[in-house]
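Under our numbering, the first residue of the sequence shown carries the number 512, and numbering increases by one thereafter. Virtual Cβ for every residue (Gly too), placed ideally from N, Cα, C. Only one structure is covered here, and it is reproduced in the block below.
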Amino acid sequence: MSTGSFGGFGPGNIDCDDVLSDIYLYMDDETDDALRGRIRQHLDGCAPCLKQFGLEQDVRSLIARCCGGDRAPEELHGRIRLRITELTVESAHLEYRPE
């Protein structure tokens, strides 16, 4: 385990580096409940990580204000959907061949 950029393990029994590397997953609610709780506990008790978390939220808010109304063209959405469908079909038909 790493020592962490702010002094190693802290609240929530999670390393600062691990908290900061998963901060966007946490902000997007893409962590499981156990990890989310550990990160929240760490942020509640670790001022440097909490400060970094606040900066990340500020950057995200700024981006949303400046670019939040931008949408990809509908044609791009269609091409992406088609490619995802093609990849899904291709992967369903792949044959497993042990080496």
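(message) With H, G and I counted as helix, E and B as strand and the rest as coil, what does DSSP make of Asp-539?
(response) As a working note, residue 539 is residue 28 in the sequence shown. Under the three-state reduction of DSSP output, Asp-539 falls in the coil class, being neither helix nor strand.
(request) Enumerate in chain order the residues of its own chain whose CB-to-CB distance from Asn-524 is below 8 Å, with the five nearest sequence positions on each side excluded. (result) Numbered from 1 along the sequence shown, position 13 holds the residue referred to as residue 524. So the qualifying residues of the chain are Arg-549.
(request) Quick one: using the 10 Å Cβ neighbour count with 16 as the cut-off for buried, is Cys-577 buried or exposed? (result) Along the sequence shown, read from residue 1 onward, the residue named residue 577 stands at position 66. The residue is exposed, with fewer than 16 neighbouring Cβ atoms inside 10 Å.
(request) Verify whether the separation of the beta carbon atoms of Cys-560 and Val-600 is less than 9 Å. (result) Within the sequence shown, the letter at position 49 stands for residue 560. Within the sequence shown, the letter at position 89 stands for residue 600. No.
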